[in-house]
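Position 158 of the sequence shown, counted from 1, bears residue number 158 in the UniProt record's numbering, the numbering being contiguous throughout.
Below is one structure, written out as structure tokens; comments come after it.
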Amino acid sequence: MTYTTNEMMTVAAARRLKNGSVCFVGIGLPSKAANLARLTSSPDVVLIYESGPIGAKPSVLPLSIGDGELAETADTVVPTGEIFRYWLQGGRIDVGFLGAAQVDRFGNINTTVVGDYHSPKVRLPGAGGAPEIAGSAKSVLIILKQSSRSFVDKLDFITSVGHGEGGDSRKRLGLPGAGPVGIITDLCIMEPEAGTHEFVVTALHPGVTREQVVAATGWAIRFADHVEQTAEPTDVELTALRDLEARTAAAHGQAPGEA
Numbered sequence: 001m002t003y004t005t006n007e008m009m010t011v012a013a014a015r016r017l018k019n020g021s022v023c024f025v026g027i028g029l030p031s032k033a034a035n036l037a038r039l040t041s042s043p044d045v046v047l048i049y050e051s052g053p054i055g056a057k058p059s060v061l062p063l064s065i066g067d068g069e070l071a072e073t074a075d076t077v078v079p080t081g082e083i084f085r086y087w088l089q090g091g092r093i094d095v096g097f098l099g100a101a102q103v104d105r106f107g108n109i110n111t112t113v114v115g116d117y118h119s120p121k122v123r124l125p126g127a128g129g130a131p132e133i134a135g136s137a138k139s140v141l142i143i144l145k146q147s148s149r150s151f152v153d154k155l156d157f158i159t160s161v162g163h164g165e166g167g168d169s170r171k172r173l174g175l176p177g178a179g180p181v182g183i184i185t186d187l188c189i190m191e192p193e194a195g196t197h198e199f200v201v202t203a204l205h206p207g208v209t210r211e212q213v214v215a216a217t218g219w220a221i222r223f224a225d226h227v228e229q230t231a232e233p234t235d236v237e238l239t240a241l242r243d244l245e246a247r248t249a250a251a252h253g254q255a256p257g258e259a
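And the structure:
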């Protein structure tokens, strides 16, 4: 089966979720990848959303954290305060799955503004629970499409801290957990370099060149000594993803590509 770069990105991200792990899911691309994992390689992954659902198993992708599909399909629903205080700050979240508008070489995220904070070019959706997820989850995965506008040398605003200024910055800030362990894009997979915690390319998606990655990155991106090629999506993965998108489009009155 042929596939798009967006499908490759979603499949590659889904594969990063281990079966049985507890995942705090962001809306949008993270939710699509997390639910694809639940439908394929990780049927026992436990999906938690900010509004309180634990063990959500939506048949269609939620429009927001308040989508009734999440609560209706969850094993249980608890107050939002319990999600953050008991589950997240209590160290019970294995993976935080986040999107971003901008990300830098150390996995810090901006979802607040583009441009000057007091006179922005674009006002973004904002933080939501992302700062707490980035700060307290045992590990963090980030998924977004790659371009020089989104992968920037300096963030316009730091909404959620990844590895701060690199090195032991995160430890000095007193943040628990490993921080971001992977950035999955439509071109490649990046992971933090040992010691510096600067993100380097560790895998290229099929057909993608190093030159494409360099052109789509706003800093002098580096490559690991050994760069792998991402395995192509299987027919099972693509069928599950497309069926999920089709159900979502039908439920929300969207064109299939918008799901």
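Even glycine gets a Cβ: it sits at the ideal position worked out from N, Cα and C.
Bounds of the alpha helix (DSSP H) holding V214 are R210 to A215.
For S160, the three-state secondary structure derived from DSSP is strand. Rounded to whole angstroms, the gap between the alpha carbons of G167 and L173 is 12 Å.
If the five residues before and after G107 are omitted, its C-beta is found closer than 7 Å to the C-beta atoms of I142, G162, H163, G179, P180, I183, P192 and F199, all from its own chain and listed in chain order. Residue burial annotation: V140 is buried, with at least 16 other C-beta atoms found within 10 angstroms of its C-beta.
Per DSSP, the continuous beta strand (DSSP E) segment holding E228 begins and ends at F223 to Q229. The Cβ-Cβ distance between F97 and C23 falls below 8 Å.
Contact check for Q146 and T185: beta-carbon distance about 4 Å, within the 8 Å limit, so the pair qualifies. Counting the other Cβ atoms within 10 Å of the Cβ of P206 gives fewer than 16, which makes it exposed.
Within the same chain, S31, A34, L47, Y49 and F97 come within 6 Å of V25 by CB-CB distance, once the 5 residues on both sides are set aside. Counting every other CB atom within 10 Å of its CB across the protein chains shown gives G135 a total of 16 or more, marking it as buried. Here the C-alpha atom of S169 lies approximately 20 Å from the C-alpha atom of V95. Taking C-beta separations shorter than 6 Å and ignoring five residues to either side along the sequence, the partners of R222 in its chain run V200, following chain order.
In the three-state DSSP reduction, K138 falls in the coil class, being neither helix nor strand. Taken through DSSP and simplified to helix, strand or coil, R105 comes out as coil.
Runs of alpha helix (DSSP H) with 4 or more residues, each lying fully within the segment 35 to 112, are found at 68 to 73, listed in chain order.
For L17, the three-state secondary structure derived from DSSP is coil.
The continuous beta strand (DSSP E) containing R123 extends over residues P120 to R123. Look at the beta carbons and you see the segment 34 to 43 touching the segment 229 to 245: at least three pairs across the two are nearer than 8 Å.
Using a Cβ distance threshold of 8 Å, A215 and S150 do not count as a contacting pair. S64 places its beta carbon 8 Å or farther from that of V45. Looking at the backbone, the Cα of S59 and that of R92 are separated by about 25 Å. Distances from the alpha-carbon of P176 to those of G68, V227, E132 and L187 put E132 closest.
In this structure, K18 sits near S42, with a CB-CB distance shorter than 8 Å.
Around the C-beta of S160, 16 or more other C-beta atoms lie within 10 Å, and the residue is accordingly described as buried.
Look at I183 here: in three-state DSSP terms it is strand. Residues of the same chain with a CB within less than 8 Å of the CB of A137, apart from the 5 flanking positions on each side, are F24, L88, I93, D94, V95, G96 and G177 in chain order.
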